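Each remark here refers to the structure printed beneath this line.
There are 4 protein chains.
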Amino acid sequence: MGSSTGKLFKVTNFGESHGVALGCIIENCPAGMELTEADIQPDLDRRKPGQSKITTQRKEEDQVKIVSGTFENKTIGSPITMLVYNGDQRGKDYTYFKDIYRPSHADYTYQQKYGFRSYVGGGRSSARATIGTVAAGSVAKKILSLKTSMKFAAYVSQVKDIKISDLYPLPEIDKLQQACEENMIRCPDQETARKMIELIEQTSKEGDSVGGIITLVIENVPAGLGNPVYDRLDALLAYAMMAIPAVKGVEIGSGFSSAQYKGSEHNDIFFNDKGAIHTRTNRSGGIQGGISNGENIVMNIAFKPTATLSIEQPTVNEKGEEVMLKVRGRHDPCVLPRAVPIVEAAAALVMVDQYLLNKLADIRNI
Amino acid sequence: MGSSTGKLFKVTNFGESHGVALGCIIENCPAGMELTEADIQPDLDRRKPGQSKITTQRKEEDQVKIVSGTFENKTIGSPITMLVYNGDQRGKDYTYFKDIYRPSHADYTYQQKYGFRSYVGGGRSSARATIGTVAAGSVAKKILSLKTSMKFAAYVSQVKDIKISDLYPLPEIDKLQQACEENMIRCPDQETARKMIELIEQTSKEGDSVGGIITLVIENVPAGLGNPVYDRLDALLAYAMMAIPAVKGVEIGSGFSSAQYKGSEHNDIFFNDKGAIHTRTNRSGGIQGGISNGENIVMNIAFKPTATLSIEQPTVNEKGEEVMLKVRGRHDPCVLPRAVPIVEAAAALVMVDQYLLNKLADIRNI
Amino acid sequence: MGSSTGKLFKVTNFGESHGVALGCIIENCPAGMELTEADIQPDLDRRKPGQSKITTQRKEEDQVKIVSGTFENKTIGSPITMLVYNGDQRGKDYTYFKDIYRPSHADYTYQQKYGFRSYVGGGRSSARATIGTVAAGSVAKKILSLKTSMKFAAYVSQVKDIKISDLYPLPEIDKLQQACEENMIRCPDQETARKMIELIEQTSKEGDSVGGIITLVIENVPAGLGNPVYDRLDALLAYAMMAIPAVKGVEIGSGFSSAQYKGSEHNDIFFNDKGAIHTRTNRSGGIQGGISNGENIVMNIAFKPTATLSIEQPTVNEKGEEVMLKVRGRHDPCVLPRAVPIVEAAAALVMVDQYLLNKLADIRNI
Amino acid sequence: MGSSTGKLFKVTNFGESHGVALGCIIENCPAGMELTEADIQPDLDRRKPGQSKITTQRKEEDQVKIVSGTFENKTIGSPITMLVYNGDQRGKDYTYFKDIYRPSHADYTYQQKYGFRSYVGGGRSSARATIGTVAAGSVAKKILSLKTSMKFAAYVSQVKDIKISDLYPLPEIDKLQQACEENMIRCPDQETARKMIELIEQTSKEGDSVGGIITLVIENVPAGLGNPVYDRLDALLAYAMMAIPAVKGVEIGSGFSSAQYKGSEHNDIFFNDKGAIHTRTNRSGGIQGGISNGENIVMNIAFKPTATLSIEQPTVNEKGEEVMLKVRGRHDPCVLPRAVPIVEAAAALVMVDQYLLNKLADIRNI
């Protein structure tokens, strides 16, 4: 009760930071779809460590291997198991942490829950567990690309106090994705990106870290995905985003600013747009009453600064003794550039699941 | 795949705004606990319409009836079914809406999904569906009160631009709850509450509506609840909150402000507090790595202004024709006072589920 | 974890023998299907007590009421809640049993599990809990009748040592059902039925009870329903049947006799039947490798004799004291006639669930 | 919706006969238990091909590798992934079958469902998928052995018409297991075993196959496992058994013979056995009202003869053309000896799941 997500397109995530392998199993992926490692690897490459000077220098190739669920490069309806073997297992780096609870990490809480933990690299609580999410997300995106026009783009819109300008004209989604991949931080506005990178480099030198905001856009969403109660599409997406390590806040459409509106200012007015029903504004963020309305889904996701610092910090050990902690070694001064593909993948898992389930909503379509 | 929530303590929600009855079934409630309608009714009374001049004047007694799962006023381990019959079923009020998609409501999206809907009172998409959540939440809170010291308090911290002052000293949780119940808006600071109520009354007269923010505090949370991957405690709470109608944003601990911090400022430093491990700050909001750390859980939940207005608005009908909509009748000018018990209930459902599951985490405790 | 069944078309069963009401909730029933109590009541009438002189004389009308999930007599995609209020609640009849564990009943095991139980009429362990199954089964059958040609017929093929003759030519399914309803025991062969009824009446006079076998036939099953691993169609059906009170054995196709065959005798040979692929024999019982092959599904379900007897029996009470038990009052001398609609309903729930899920198996059909 | 089983102790099974690897993931295994491959391998060895002259001669070492979920040889509460790589992948053996539907195999039904299949070695429908079940079963048995005195023993009680004699005195469970492992067929009565093996060898020479019956005994079952409705312990076991390839029938306690009893003969009378409550007979097979009563669980499971024969058989191909099929190569003339550990494992998965869930049944124990 924890490592699986999705109702029909179900993903079970496994693996620890320094275990043998990480990955996922996908259940109920439809049969007959072409699928090879080449469909998965590009997103994993966007997530992998060591991809630029502003990410952790841990060396991992993160090569994915499909070990079940396909035959002659096509899905056969059985569970798809994808493995990424851990390479750079410097277990010895971590003996120092064996008894120490790192501040704002999961060491203490994991120990409290299970009474036993892998102290190397965060064990199960490591962000390496997002490998399974990203791998499954690539399969989800492939299904959606075959069956719909849905497109996912996440980008870094803020790092600490450097924000993408309100005046920056957001390009169409394909160009947005392209613009993001042109810099290390994955912010489509190159000038802002430059400043963000500069800040991160400076912060890294100081042994410190910074947080920020990722904005997610999903385009061409068919109307009708989601549910009116509990499994509302926005609730499922909020869950998926908040389940990403370091996320502290999630908002959709007008989000927290909605609190300040009057209803007469906030309502999205429907109109007939050459035969199609659309809304003049999109404060709903593409979801009304828990169900997609066909407008773009737009969300902001807030990430705290990385908890791992090179700066010395006070903390306690397992015995409750107050000790000083000084982390040597590799970590991300800012998780956001690597979180971009994770946000997209997490969203894709929700969307494909609801897309498939929606096929069974109306008896006339069955 | 939509109307159930929880893994072990599972709640299935049913009912429509103007159907025969609404309510819920709880599966896997432990046997042998005293339970009668008197345990449930107080929270339903805090949620029910017509409770004050700033809520909708729809008249509903919302009396709960337990029809299964108890014997001689004790639970017997079988599903607990709770029913609230709809009383004030003015179906005729709604024929006017039959073909019209109300702006920022679920009429359009429900129709797109299911091809058929109850157009009276929002049907399944009505906030009356939260009755099942509140009823189940009272059972959840009872279990937790018997087995832990956990306490839940939600309060209105902002209505439009009127915020509870940073200088207001938040009282301890029992007094906080009491202070909230002393006014119609459920803001513990009586002076701020007065201003909020004034604003809502004014807005109501204008036929308009306002949004706001509810803050949730959970005290005395045992360390160890939640999971490291996917079903993280914060992710489950974010899902539960975002599943409440009108919610557009959720944050925990430092939330969106975390984006602006440096790691060295943001980390919660552990210390030995007379033998117990605590953190000096609580930017984590009581959850680290998806698992509770024993500090208070603190969340903010943003609500948009009610979509139903008395002011005339343009929209479209089922044929796609642009029409003007003028809603007569009863609605909440601000959903927040009635949402307070819903927020608490939604949180309690997550907490009791994770509390029970946590009993099976460590083999030494089994 | 116990009272729900089905993956997509999910049924949650609730209620106790002498509680306020029994029934079920169906989740994920497709929207837009006409549905009223008139679709449900006929099967409940076939199940209800007091329907003939060979069933218990407990008086219950077992009138079903749909309280959610429909609007203007059509499903709207939200959970369908169906209630049957208990009428003949002679709670006082049962105080005698309060402390006594009736032999081969669930009194002892329920108490061991939950530490507390409703001792009236078996409480949750009563066969009255099959009301929810039968009600849901009627909805399942309606969906299947609209979308497929599938037909369900169960009949009593054996009572104690009186078996339907191997020479009796089984009629086509519609006539089979009709023939069953022409007698109290629901055996299509009227002469055998007469003997069965005679035996039951004799047994009843002696204060004793008898067991027997129900045969289930499902016709016009589309090929492709089920799964290769775990949720095999035969495994799901075996679960559904064994979950009916008093069932002690389940077999499909050649069943237990398969143990005695050689492979060369047992294999079902495929042939081309005017363009369609069929098998010459049906020892598989319509399921191969866990998936339906388009032949009739044929199962036998063995029922033990009713545990409740008028004959005095030794047993123990809650204190462990050995006591004599003499049950006065009403009970079925043979559960089989009333179990026929339960078997059909339990099968229909499996079939509709797999039918719906199968729509998502092949990417070309999505 | 098919490859997972269990509610809390959840096992997801993956892999195909000639894919890269087979195995399983276990979710929610409690943390802190010692676990290495050495705990798993012995049962896999009892299941593996080529173990004796009466099993298939396919050469597979079936060495298990744990790739996640443990740290320093102890479970850490995260998903346990176990892999068995396929070695003897003679894919080329199977091109002959590419278009042919083998009689009483899953080729036809799999193709009907998914529209695409792995035709090598049965693909996903191969009995090799039971590797995941057996591996997970060993973990389940380990937990139960640490926390209870529960013991599992399955044995071959019948092969075609050779049955273990009613006069054979069944030894106590440890000796029963030992006696089974002293011969190739796993029948504890050595004389009967000799005859069974002789028959299988003769059948194998003829290119034919035989079926039989496996009896399962579970000893020292705590009272209270299971549920009164749907997820009854017997229903869950029936599902687990019927999900094993080649199983056509399942019975518990008196099973099919129960149909022939009178109630007064069939009821299990309770008595006080030196302070403990027991039943004088065990026609219930250890389960009453869906919940274990503390007596031994006893089940019979009927297996059909292997569908693969060396004898030529008529069948059809994908085009519907009638063709003759002659299978060269390796197959089991009788699946029973290798099915013994599968039956035990499948039962253990049900029992551990219900054991863990039962910890949460009574509020006094939480």
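Chains as they are written, first to last, in the working numbering: chain W, 10 to 375; chain P, 10 to 375; chain B, 10 to 375; chain Z, 10 to 375. Built from N, CA and C at the ideal position, the CB exists for glycine as well. Just so it is clear, the structure is predicted and the values come from calculations on it, not from any experiment.
Cβ-based burial, residue i [other Cβ within 10 Å; buried from 16]
i: T104(P); result: exposed
i: N302(P); result: buried
i: D51(B); result: Here the sequence assigns Pro to residue 51(B), which means Asp is not the residue at that position. Its Cβ having fewer than 16 others within 10 Å, P51(B) is exposed.
i: L53(Z); result: buried
i: A244(P); result: buried
i: G15(P); result: buried
i: T45(W); result: exposed
i: A47(P); result: exposed
i: E181(P); result: exposed
i: P178(W); result: exposed
i: D4(B); result: The structure shown does not extend to residue 4(B), since chain B is modelled only from 10 through 375, so no value can be given for it.
i: R337(B); result: exposed
Assumed close pair residue i, residue j - CB separation to whole angstroms, cut-off 8 Å
i: V307(Z); j: G221(Z); result: In fact, because the Cβ distance is near 17 Å, the residues do not count as touching under 8 Å.
i: S12(Z); j: S87(W); result: 7 Å
i: T290(B); j: F279(B); result: Going by Cβ atoms, the distance from T290(B) to F279(B) rounds to 11 Å, so no, they are not a contact pair.
i: L358(B); j: A145(B); result: 6 Å
Cβ shell of residue i (< 6 Å), same chain only, five flanking positions each side left out
i: Q66(Z); result: G59, R339
i: P254(W); result: A136
i: E327(Z); result: D108
i: S113(W); result: A316
Range of the contiguous alpha helix (DSSP H) that encloses residue i
i: L242(B); result: 242-251
i: K19(W); result: K19(W) -> not in any alpha helix (DSSP H); beta strand (DSSP E) instead, spanning 19-23.
i: N367(Z); result: 345-367
i: G59(P); result: Neither: G59(P) is in no alpha helix (DSSP H) and is coded neither H nor E.
i: M42(Z); result: Counting along the chain, M42(Z) falls outside any alpha helix (DSSP H), and DSSP gives it neither H nor E.
i: G146(Z); result: 139-156
i: L185(W); result: 182-189
i: H275(W); result: 272-275
Identified DSSP bridge partners for residue i
i: I286(B); result: N281(B)
i: K160(W); result: E228(W)
i: F312(B); result: G221(B), V256(B)
i: T84(Z); result: T79(Z)
Near the ligand SAH: residue i beta-carbon under 7 Å from a heavy atom
i: L208(Z); result: Looking at this structure, you won't find the ligand SAH or any other ligand, since it has none at all.
Chain-order list of residues whose beta-carbon lies under 8 Å from that of residue i (same chain, five-residue window excluded)
i: S127(B); result: E25, S26, H27, G28, R133
i: P237(P); result: G298, G299, I300
i: K5(Z); result: Residue numbering for chain Z in the displayed model covers 10 to 375; residue 5(Z) lies beyond these limits and cannot be assessed.
i: M83(B); result: The amino acid at residue 83(B) is misidentified as Met; the sequence shows Lys. Hits under 8 Å: A40, G41, M42, E43, L44.
Terminal residues of the beta strand (DSSP E) in which residue i lies
i: I75(P); result: 73-77
i: I320(P); result: Neither: I320(P) is in no beta strand (DSSP E) and is coded neither H nor E.
i: T90(W); result: 89-94
i: G32(Z); result: 30-36
i: K16(P); result: It is not in any beta strand (DSSP E) - K16(P) carries neither H nor E in the DSSP assignment.
i: M333(B); result: 331-334
Cβ neighbours of residue i in the same chain (closer than 7 Å, five flanking residues each side left out)
i: A115(Z); result: G131, S134
i: S30(Z); result: At residue 30(Z) the sequence reads Ala, which differs from the Ser that was named. Once the five neighbours on either side are set aside, the close Cβ partners of A30(Z) are G24, L92, V93, Y94, N95.
i: R347(B); result: R56, T64, D341
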